[in-house]
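Per this note's numbering, residue 320 is the first one in the sequence shown, and the count goes up by one each step.
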Amino acid sequence: METPPDHAYPDHWEADVVLRDGGTARIRPITTADAERLVSFYEQVSDESKYYRFFAPYPRLSDRDVHRFTHHDYVDRVGLAVTVGGEFIATVRYDRIDARGLPATAPADEAEVAFLVQDAHQGRGVASALLEHIAAVARERGIRRFAAEVLPANSKMIKVFRDAGYTQKRSFEDGSVRLTLDLEPTAESLAVQRGREQRAEAHSVQRLLTPGSVAVVGTGRVPGGVGRTVLRNLLEAGFTGRVYAVNHAFAEDLRALDGVPAFRSVAAIGDPVDLAVLAVPARQVPEAVADCGRHGVRGLVVLSAGYAESGPEGLERQRELVRQARSYGMRIIGPNAFGIINTAEAVRLNASLAPEPPDRGRIGLFTQSGAIGIALLSGLYRRGAGLSSFISAGNRADVSGNDILQYWYEDPDTDVALLYLESIGNPRKFTRLARRTAALKPVVVVKGARHSGSAPPGHAVPVTRIPDATVSALLRQAGVIRVDTVTELVDAGLLLASQPLPAGPRVAILGNSESLGLLTYDACLTEGLRPSPPRDLTTAATPEDFRAALASALSDPAVDAVVVTAIPHVGETGTTDPADGGALGTVLRETVTSVPGKPVAVVHVEIEGLAEALAVVERSARGPAGSAPAPTAAPPSAPPRPAGAPPAPTASPAPAAPPASAGPPAPAASGRIPAYPAAERAVRALAEAVRYAQWRRQSAEPGKVPEYLDDAIDESAAAALIARLLGDAPDPHGVPLGAADTRELLGLYGIPVRPTLPAPGPDDAVAAAKRLGYPVALKTTAPHLRHRSDLGGVRLDLADEAQLRLAHRELTESLGGPAELRPVVQAMAPRGVDTVVRAAIDAAAGAVLSFGLAGAPSELLGDLAHRLVPATDRDVAEQIRSIRSAPLLFGWRGSTPVDTPALEELLLRVSRLVDDHPEIVSVTLEPVVVATRGLTVLGANVRLAPPPARGDLGPRSLPSY
């Protein structure tokens, strides 16, 4: 990045960060206006910490010291501070030095660095966060190494450097430890950074969901209203902590409301408050936030509306809300939120507007819409499913789905993650977190606003330009189960939370209705499953007949899953017995318990009491939130884990590692079975489980980039060529490369492009053909005719001069003059299948690799497969086979299969090219003719531009929209 003109204040270095304990802080450059803050900060540092910093007693800073530590040029001398509530809690400084350790300027690429953290804030991960940010600043300013002198007794600071993951050297000189850190990011430093990010963000959500005390700010003086409703819900859920009612309009002599202490302000509460729920008008929120911040409140749930959803003024009000809350170290759910719920027995928190708390269960639910949240809570409750936690984030100005995934990743009470998203502010980070979480437990997503082309009102996030189909493909690559509706979200969540994952796609169908069995069979084929012919038990089947048939199917090694279909049993009198549903449900649950290990779903048509009987086990065993669970005996042996349940518990799992606690016994062990009113819904949920299980098995052995790619790749030469082509002042909008430069750049990555020669006239065409050798192709390069053989813009297999001259004359007479057509001659390639390979950079999602068949399949039908870069050998193999027209590559209708290994290698080379060089913002290879042996790239286009910022590779920071 360029040095700011006149060393201006670098405001892009400002960042909000989440610390190890879940609190937030702000990192910013130190300025000349910070003298008083610096002196005040230093006075609160212990003598021991001062000694460690200066290697001698240093009780106070002199005026010269203050001037030196507050005056920086932001190039060779830089200071950063960490602030909470506007006051310093830590500082870091670097000074550029030469090989002798003396002050220097560029091109010297080493700097001496020193930290000082206030004692009260040591142990919160402040120094680690500062190191990430000061290292990023140094790299921006051309500094490649840090040197630090540390006293041997200063073990905390030595550990900060040692654990950062950078390449480092250590030596002992003159009674101190000298550390030298190479600031180039490494795989280890990136892993360390992301591990710290996960722990910090998960802890910040945990603080919101497990408060010891809650204050409802804006509690009405009379029944009704938002604040009073939240207060009632907290009490009725049996919240285990302390609750306070706050309203500045309370009478001075009011001491209690609804049995809880009442106060006119949060500051008047004598005890600590962990969570504040704000239910006041938007104009009163700043005063309430300041009141909470000064009292040390840890987090906020802002129910108030009137923010970004209301227009530009509301958007600025929302940004100020986030800035204000973060300045006090608080995180926010909302604004315009519906609330949060935690059903854990030790918490029993219902800080929401939900009239009925959900049952305790193993499903985590996150929504960005209060209305959808109400619908999902109601749907899950009706179908007997319980939740571990619920978060309705509203405008999600701060806490987002990414933060919740960080929490659920290691939450032992959550087996399945359900998310309703209307926008994804950081798709690159979301797919990374989702992939990691999906390796342990299912992540099911339904995305609203798929076709609007913009984020919903209130969601002030970057808008990705990639189509929804591409987003879906990338989520699938990350192991996310993408569904289309909230009904499908609930359907999939019910099955995944209560049933083990299927071992394969083989499905047994049994029931007492031939027609319903056939509908289920057809639905299985539609979803790509392998159903056996339905077993018809006839309408006279009894519950015991169902027991025998289900036990047989579950015991069959050729069966991976079972769908039970049922219609009401009609007796001789022509009536149904309401007790039949309960009896059948009991039998099915008992059978599943006795023959565990395979998923079972039930499709029923108007059988009264059946769904309730299938779900009753979970309700009786876990009970609703706020009630004690029914005692259960320990099972004689460990039951099969449900989808996503982590392994058995360990003594004390490390927070950064995958969760090691399985929590309560798997729901499947108690016989709970999901029920569906339609065959298509049950089968679709089962099919999602099958695909997810397959992804889990494959992700256990991740793909790799073959070593042979290094043999024909010259990365440094490509970098030099790109630098030359971009120049010293590159066009920010990018520059397309000419044909020669494109061939040279791609050739450095082992991607040869068949050359073309210009043929403005027939004699030029003949001369070109003699150089290239017959047979040749004559084609136009005019944009409106490129790749359009159907319009006559391409003439193939021209075997001699006469055919070439005739083709040239016909081309120019029918389509236009040579200046318009820009005809070229190219040697013919071996016959094969025409394909297209593309790579493009999306500012939010990153580099995306795309593949399809050239022409109508990709352009008319949108039959393209997409993968995130960098792609592995497994990624590209799946990518080629995932398009609908893939059979044309593998011998469709008796044709000869083409060389797909060569195609996979090409995709890997293109992926490596754009991953190595972020300046390459787009690559198109079209057509790529894949023959039975080898392939030929006939056309190529490359566009270069200054590389976009990679936020996922920079230091940890919270988004600022």
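Note that beta-carbon positions come from the ideal geometry of N, C-alpha and C, so glycine has one too. Just so we're clear, the structure is a prediction, and the values are computed from it rather than from any experiment.
Endpoints, the alpha helix (DSSP H) within which residue i is located
{"i": "T1061", "result": "1058 to 1066"}
{"i": "K369", "result": "366 to 373"}
{"i": "F865", "result": "862 to 874"}
{"i": "F388", "result": "382 to 389"}
{"i": "N473", "result": "Looking at the DSSP string, N473 is not in any alpha helix (DSSP H), and its letter there is neither H nor E."}
{"i": "G612", "result": "604 to 614"}
{"i": "S817", "result": "805 to 817"}
{"i": "S1133", "result": "1120 to 1134"}
{"i": "R1275", "result": "R1275 -> no alpha helix (DSSP H), and no H or E assigned at all."}
Contact under 8 Å by Cβ, residue i with residue j
{"i": "D1192", "j": "P1021", "result": "no"}
{"i": "A867", "j": "V881", "result": "no"}
{"i": "R412", "j": "F374", "result": "no"}
{"i": "R1231", "j": "P1189", "result": "yes"}
{"i": "E516", "j": "R1275", "result": "yes"}
{"i": "T559", "j": "V445", "result": "no"}
{"i": "L1172", "j": "M1147", "result": "no"}
{"i": "Q796", "j": "D1194", "result": "yes"}
{"i": "F407", "j": "F465", "result": "no"}
{"i": "R443", "j": "L399", "result": "no"}
{"i": "P631", "j": "L640", "result": "no"}
{"i": "G1053", "j": "A1264", "result": "yes"}
{"i": "V579", "j": "Y563", "result": "yes"}
{"i": "A870", "j": "H923", "result": "no"}
{"i": "A472", "j": "V436", "result": "no"}
{"i": "V621", "j": "A656", "result": "yes"}
Counterpart residues of residue i in DSSP-defined beta bridges
{"i": "A1259", "result": "L1244"}
{"i": "D396", "result": "The question names Asp, yet the displayed sequence has Arg at residue 396. According to DSSP, R396 bridges with D414."}
{"i": "F434", "result": "V411"}
{"i": "P1077", "result": "V1143"}
{"i": "R561", "result": "S532"}
{"i": "A1159", "result": "V1167, S1241"}
{"i": "S719", "result": "The partner list for S719 (beta bridge, DSSP) is empty, contrary to what the question assumes."}
{"i": "H1185", "result": "S1169"}
{"i": "N669", "result": "I660"}
{"i": "Y739", "result": "T686, V765"}
{"i": "L500", "result": "F465, Q487"}
{"i": "T1154", "result": "L1172, V1247"}
{"i": "R679", "result": "L706"}
{"i": "F749", "result": "Note: F749 sits in no beta bridge, so no partner."}
{"i": "F582", "result": "V565"}
Secondary structure of residue i, DSSP reduced to three states
{"i": "S495", "result": "strand"}
{"i": "A1348", "result": "Since the displayed the chain opens at 320 and closes at 1280, residue 1348 lies outside it and no answer follows."}
{"i": "A985", "result": "For A985, the predicted structure reports a pLDDT of 39, less than 50, and the residue's modelled location is therefore unreliable. A value from the coordinates is still provided. If DSSP states are grouped into helix, strand and coil, A985 belongs with coil."}
{"i": "A842", "result": "helix"}
{"i": "H326", "result": "helix"}
{"i": "E333", "result": "coil"}
{"i": "E406", "result": "strand"}
{"i": "L925", "result": "Sequence inspection shows Glu at residue 925; the Leu mentioned does not correspond to that position. In the structure shown, E925 sits in coil (DSSP, three-state: anything other than H, G, I, E or B)."}
{"i": "K1089", "result": "helix"}
{"i": "K1023", "result": "coil"}
{"i": "D787", "result": "helix"}
{"i": "I1032", "result": "coil"}
{"i": "D855", "result": "strand"}
{"i": "H429", "result": "Checking the sequence, you will find Glu at residue 429 rather than His. Three-state result, E429: strand."}
{"i": "L338", "result": "coil"}
Residue i beta carbon near the ligand SAH (any heavy atom closer than 7 Å)
{"i": "E741", "result": "This structure lacks the ligand SAH; in fact it carries no ligand of any kind."}
Within-8 Å CB hit, residue i to chain C
{"i": "A716", "result": "Considering every chain present, this structure includes no chain C. It has just one protein chain."}
contact_flag[the stretch 810 to 821, the stretch 999 to 1009] where n(CB pairs < 8 Å) is 3 or more: yes
Contact between the stretch 546 to 561 and the stretch 519 to 526 (3+ Cβ pairs under 8 Å): no
Touching by the beta-carbon criterion (3+ pairs, under 8 Å), the stretch 562 to 574 and the stretch 529 to 540: yes
Stretch pair the stretch 631 to 651 + the stretch 661 to 679: three plus CB contacts closer than 8 Å: no
Segment contact flag, the stretch 788 to 807 with the stretch 825 to 841, C-beta cutoff 8 Å, min 3 pairs: no
Cβ contact (3+ pairs, closer than 8 Å) linking the stretch 844 to 858 and the stretch 903 to 916: no
Three-pair Cβ contact test at 8 Å for the stretch 378 to 396 versus the stretch 493 to 510: no
At least 3 beta-carbon pairs within less than 8 Å: the stretch 1116 to 1129 vs the stretch 1160 to 1175: no
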